[in-house]
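A.B. asks: After the structure tokens below, expect a handful of questions from me.
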Amino acid sequence: MKNYNHKKIEKKLQEKWKKANLFKTDFENSEKQKFYILDMFPYPSGDGLHMGHTENYTITDTYFRFLSMNGKNVLHPQGFDAFGLPAENYAIKTGIHPAKTINQTTKRFREQIDNIGALYDFQNGKVVTSNPNYYK
646 MKNYNHKKIE
656 KKLQEKWKKA
666 NLFKTDFENS
676 EKQKFYILDM
686 FPYPSGDGLH
696 MGHTENYTIT
706 DTYFRFLSMN
716 GKNVLHPQGF
726 DAFGLPAENY
736 AIKTGIHPAK
746 TINQTTKRFR
756 EQIDNIGALY
766 DFQNGKVVTS
776 NPNYYK
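Right, here's the structure in full:
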């Protein structure tokens with residue numbers, strides 16, 4: 646396996662998946678059976694995801710792909726539990742206002758989720774619990 650360049654191959658496949666909209670859910674215009682898979686949202690109160698996130702997201706991503714490949718219409722949203730003590734404690738630790746740290750960490754988490762190749766519908770199902778539209 647000397648010639649296997651995982652960075653090149655995985656990036657190429659991830660771009661192909663994005664172009665094909667494999668993550669997209671269209672419940673209004675579909676006759677397919679509907680499914681909903683929800684992961685626990687990470688607290689954006691650190692420098693990045695940890696292996697526990699990766700383990701859990703791999704499990705639900707695999708199930709999402711299985712259902713999708715078997716003709717199901719699956720909503721697989723992702724979000725960030727950014728409201729409460731974890732975000733506040735991280736802001737205190739870093740000395741940066743929570744609104745700024747949440748913006749930075751959610752961006753970093755999103756990059757990491759994309760890097761592992763997990764397919765989430767961030768267009769239809771992105772949730773950030775500190776957003777006033779969420780808790781309104």
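Sequential numbering of the sequence shown, starting at 646, is according to our numbering.
Using N, Cα and C, we set each Cβ at its ideal position, and we do this for glycine too.
Determine the direct distance from the alpha carbon of T751 to that of Y735, and round the result to whole angstroms.
C.D. replies: 13 Å
A.B. asks: Thinking Q723 and F672 are a contact (beta carbons under 8 Å), I'd like their distance in whole angstroms, please.
C.D. replies: Their Cβ separation, rounded to whole angstroms, is 17 Å, which puts Q723 and F672 out of contact at 8 Å.
A.B. asks: Taking the straight line between their C-alpha atoms, what separation do you get for F728 and N648?
C.D. replies: 45 Å
A.B. asks: What is the DSSP secondary structure of F728, reduced to helix, strand or coil?
C.D. replies: Assigned with DSSP and collapsed to three states, F728 falls in coil, not helix or strand.
A.B. asks: Just grab the DSSP bridge partners of K679 for me.
C.D. replies: N718
A.B. asks: Please classify T746 as buried or exposed, where buried requires at least 16 other C-beta atoms within 10 Å of its C-beta.
C.D. replies: By the neighbour-count rule (16 or more Cβ atoms within 10 Å), T746 is buried.
A.B. asks: Return the CA-CA distance between G697 and P687, expressed in angstroms with no decimal places.
C.D. replies: 10 Å
A.B. asks: Should D706 be labelled buried (16 or more other beta-carbon atoms within 10 Å of its own) or exposed?
C.D. replies: buried
A.B. asks: Around the C-beta of F754, are 16 or more other C-beta atoms found within 10 angstroms, so that it is buried, or is it exposed?
C.D. replies: buried
A.B. asks: Hey, is the segment 703-720 in contact with the segment 652-662, meaning 3+ C-beta pairs nearer than 8 Å?
C.D. replies: no
A.B. asks: According to DSSP, is T751 helix, strand or coil?
C.D. replies: DSSP places T751 in the helix class (H, G or I) of the three-state scheme.
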